[in-house]
Amino acid sequence: MTGQRAREWVPRPRDPESEQRLADAGIDPLLARLYAGRGITRPEQLERRAEALERPDDLLGMDAAVDVLAGALARGERICIVGDFDCDGATSTAVAVSALRAMGGEVTYVVPDRFRFGYGLTPAIVAEAHEQLAPDVLVTVDNGISSGDGVTAAHERGLRVVVTDHHLAPAELPPADAIVNPNQPGCPFSGKASAGVGVVFYVMAALRAHLRNEGWFAARDLDEPNLSDLLDLVAVGTVADVVPLDRNNRVLVHQGVSRIQAGRMRPGIRALVEVAGRDPGQLKASDLGFIVGPRLNAAGRLEDMSLGIRCLLAEDHESAKSLASELDGLNHQRRSLEADMHDDAVEALADDPELADRFGVCLYREDWHQGVVGLVASRIKERLHRPVIAFAPGDGGTLKGSGRSVPGIHIRDVLDAVATRTDGLLSRFGGHAMAAGLSLEPENLAAFQEAFDRAVRDLAAPEALTPRLETDGELAPDELSLPKAELLASGGPWGTGFPDPLFQGRFRVLRTQVVGANHLKLWLVPEGGDFEIEAIHFRGAPEGEAPTLDTVDLAYRLEVNEFRGRRGVQLVVEERRSSGD
58 MTGQRAREWV
68 PRPRDPESEQ
78 RLADAGIDPL
88 LARLYAGRGI
98 TRPEQLERRA
108 EALERPDDLL
118 GMDAAVDVLA
128 GALARGERIC
138 IVGDFDCDGA
148 TSTAVAVSAL
158 RAMGGEVTYV
168 VPDRFRFGYG
178 LTPAIVAEAH
188 EQLAPDVLVT
198 VDNGISSGDG
208 VTAAHERGLR
218 VVVTDHHLAP
228 AELPPADAIV
238 NPNQPGCPFS
248 GKASAGVGVV
258 FYVMAALRAH
268 LRNEGWFAAR
278 DLDEPNLSDL
288 LDLVAVGTVA
298 DVVPLDRNNR
308 VLVHQGVSRI
318 QAGRMRPGIR
328 ALVEVAGRDP
338 GQLKASDLGF
348 IVGPRLNAAG
358 RLEDMSLGIR
368 CLLAEDHESA
378 KSLASELDGL
388 NHQRRSLEAD
398 MHDDAVEALA
408 DDPELADRFG
418 VCLYREDWHQ
428 GVVGLVASRI
438 KERLHRPVIA
448 FAPGDGGTLK
458 GSGRSVPGIH
468 IRDVLDAVAT
478 RTDGLLSRFG
488 GHAMAAGLSL
498 EPENLAAFQE
508 AFDRAVRDLA
518 APEALTPRLE
528 TDGELAPDEL
538 SLPKAELLAS
548 GGPWGTGFPD
558 PLFQGRFRVL
568 RTQVVGANHL
578 KLWLVPEGGD
588 FEIEAIHFRG
598 APEGEAPTLD
608 TVDLAYRLEV
618 NEFRGRRGVQ
628 LVVEERRSSG
638 D
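Residue numbering for the sequence shown follows my numbering, starting at 58 and increasing by one per position.
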């Protein structure tokens, strides 16, 4: 099967008792229904004030990290942040640099070039940082938990190392001076879904509290930094890294998005939103992953993420706007490259139909770009509803792979199973449930393809490979209104693990029109209603021609559409079926 696998529309299960409990607490019945379908059982789980955040001292290793950093500040030592080349890594670096400088620290940063150094705190990046920046302390952000060799190399040069990370820990932890990672063994912190930027934000909060108690700011006539000023960065990194929006992450994202909507954001974030042609006041949490995240990620995918970090650290609008324009240009290049590589992948599936029916799918082209293979893997994963790894040539003759998975199949566990069963097959791998990266010798590709497929077969429950689209059921005609759309917009933040409300229903089609190259606009009458409502189905007219439609079943989102100062309600179509399909 080489086409899009048809998804079964399934109403999201919800607990009636929780729904009633939420409604009894004064929550709108529609929102109570949605929250109950997302695992909310008590009203206090919906608290979005900053005071509801988990405590920093619940993170294992926090005291040791604070001791290292406070000591470095007291001795006037140079601290170097070792970042990562994705959006989470860029925002994490900006949070650490901004906070430590505001606390009086001498701070530099380095970001591994993915094409020269690969991921994480490698001995090579330690050597470069030591020779060029002469630090006393290295602080990893969004990486480091698998960097035992790099930590050892740093210690051999007399450097102390603080690891802050959120990725799953290997069997043997690196010998760092401090490790803060909610996913390391024995850590009681409940926010296991934290992104790297959330973890380093907590480290900075704990360090500030320690310095405050020591009288640091008063003794040096320093203004105590307001770390809430960093929450726009935390929101962007958290959403862009596609981590689940558990209770703690929802608080962080809500606080950051609220600041952006109110115009209280750093110049770099404002500039990135402006080059995308968007109004900050109208941004939703999910927009951060589609508007800001890709423009930052484009730098790390195609060139050097330091461009993105400079944008985030810019102190004035003009310099931020110039950097944001460069990032926007890179993003256009990335989109073109991704489209070509996606076409190559679809062609490969058409040429080899058995490939698409594997449980675990591997794709490779020698002319693919290693910075974009993760995006191709993601798009083919959506097409096939299978774990997919896309490979491209890397430096040193190795292949660089990036994988994406589907709910219910933990791709890092799959790779761990492959590594355990076939000693020496994988050069290096890491990641989490839904995404992973790996290195492979070219001569091992065919063996890995077979081993990956077998491992997925062994670990995957059959239902995990059946594509399903969970909906929140139907809306009554009188609920297809602007007040309800505004209610849904205010009820988030919605996102990974706390998905945007998605409804299904039947509509009579009055007329259609193609807008842009291949988007389909529809004018509809809901079943049981007597009024007209507009809908947009992005890429709903792939041939550029409006189809002839009579009655359709839609899976859709109910959204506010603001156009030329007018606010109205609009359905955004996720999937469309002619009635009777």
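Backbone N, C-alpha and C define an ideal beta-carbon position, used for all residues, glycine too. Nothing here was measured: the structure is a model prediction, and the numbers come from that model.
Beta-carbon spacing of residue 117, residue 248 below 8 Å = no
query = Between 271, 270, 223, which lies nearest to residue 259 when the distance is taken from Cα to Cα?
reply = 223
inquiry  = Applying the 10 Å Cβ sphere with the 16-neighbour rule, what's the burial state of residue 433?
reply    = buried
query = On the premise that residue 592 lies in contact with residue 579, defined as a C-beta separation below 8 Å, what is that separation, rounded to the nearest angstrom?
reply = 4 Å
inquiry  = What does the alpha-carbon distance come out to for the pair residue 631 and residue 443?
reply    = 20 Å
message = What does the Cβ neighbour count give for residue 600, buried or exposed, with the cut at 16 atoms within 10 Å?
response = exposed
key: Same chain only: Cβ atoms within 6 Å of residue 346, ignoring 5 sequence neighbours per side   = 296, 297
Extent of the continuous alpha helix (DSSP H) to which residue 506 belongs = 502–516
query = Roughly how many angstroms separate the alpha carbons of residue 208 and residue 136, rounded to a whole number?
reply = 15 Å
ask   = Below 8 Å between beta carbons: does that hold for residue 90 and residue 76?
value = yes
message = Can you tell me which residues form a DSSP beta bridge with residue 528?
response = 68
query = For residue 494 versus residue 487, is the C-beta distance shorter than 8 Å?
reply = yes
ask   = Can you name the residues that DSSP bridges to residue 137?
value = 165, 195
inquiry  = I need the straight-line Cα distance from residue 167 to residue 532, nearest angstrom please.
reply    = 51 Å
query = In chain order, which continuous runs of the alpha helix (DSSP H) of length 4 or greater are located wholly inside the segment 398–480?
reply = 410–413, 430–441, 468–478
query = Run through DSSP, which three-state label would residue 488 get?
reply = strand
key: Beta-carbon proximity check, residue 569 vs residue 366, cutoff 8 Å   = no
task = Would you mind giving the Cβ-Cβ distance between residue 178 and residue 148, rounded to the nearest angstrom? I have them listed as a contact below 8 Å.
result = Going by Cβ atoms, the distance from residue 178 to residue 148 rounds to 18 Å, so no, they are not a contact pair.
key: CA-to-CA distance, residue 357 to residue 351, given in whole angstroms   = 10 Å
task = With DSSP collapsed to three states, give me the class of residue 145.
result = helix
message = For residue 109, report the span of its beta strand (DSSP E) as first-last.
response = Counting along the chain, residue 109 falls outside any beta strand (DSSP E), and DSSP gives it neither H nor E.
query = Leaving out five residues before and five after residue 161 in sequence, what residues of the same chain have Cβ atoms less than 8 Å from its Cβ?
reply = 130, 273, 277, 279
request  = Report all residues from its chain with a CB closer than 6 Å to the CB of residue 146; omit the five preceding and five following residues, and keep chain order.
outcome  = 140, 199
Per-residue burial, residue 67 [other beta carbons within 10 Å of its own, 16 or more giving buried] = exposed
request  = Starting from residue 176, follow the beta strand (DSSP E) in both directions and report where the run begins and ends.
outcome  = Neither: residue 176 is in no beta strand (DSSP E) and is coded neither H nor E.
query = Can you tell which of 595, 577, 623 has the C-alpha that lies nearest to the C-alpha of residue 602?
reply = 577
key: Secondary structure, beta strand (DSSP E): runs of 3+ residues fully inside the segment 580–621   = 590–594, 608–620
key: residue 380 beta carbon less than 8 Å from that of residue 368   = yes
query = Could you check where the beta strand (DSSP E) with residue 220 kicks off and where it finishes?
reply = 217–221
inquiry  = Tell me the rounded alpha-carbon separation between residue 450 and residue 608.
reply    = 49 Å
query = In three-state DSSP terms, what is residue 58?
reply = A caution first: residue 58 carries a pLDDT of 41, below 50, which makes its placement in the model unreliable, though a value can still be read off. In the structure shown, residue 58 sits in coil (DSSP, three-state: anything other than H, G, I, E or B).
key: Three-state secondary structure (DSSP) of residue 249   = coil
request  = Excluding the 5 residues preceding and the 5 following residue 252 in the sequence, name in chain order all residues of the same chain whose CB lies nearer than 7 Å to its CB.
outcome  = 145, 223, 294, 295, 298, 300
query = Is DSSP giving residue 343 helix, strand or coil here?
reply = helix
request  = Note the first and the last residue of the continuous beta strand (DSSP E) segment covering residue 274.
outcome  = Where residue 274 is concerned, there is no enclosing beta strand (DSSP E), although the alpha helix (DSSP H) it sits in stretches over 273–276.
inquiry  = Checking the sheet assignment: what are the DSSP bridge partners for residue 497?
reply    = 456, 483
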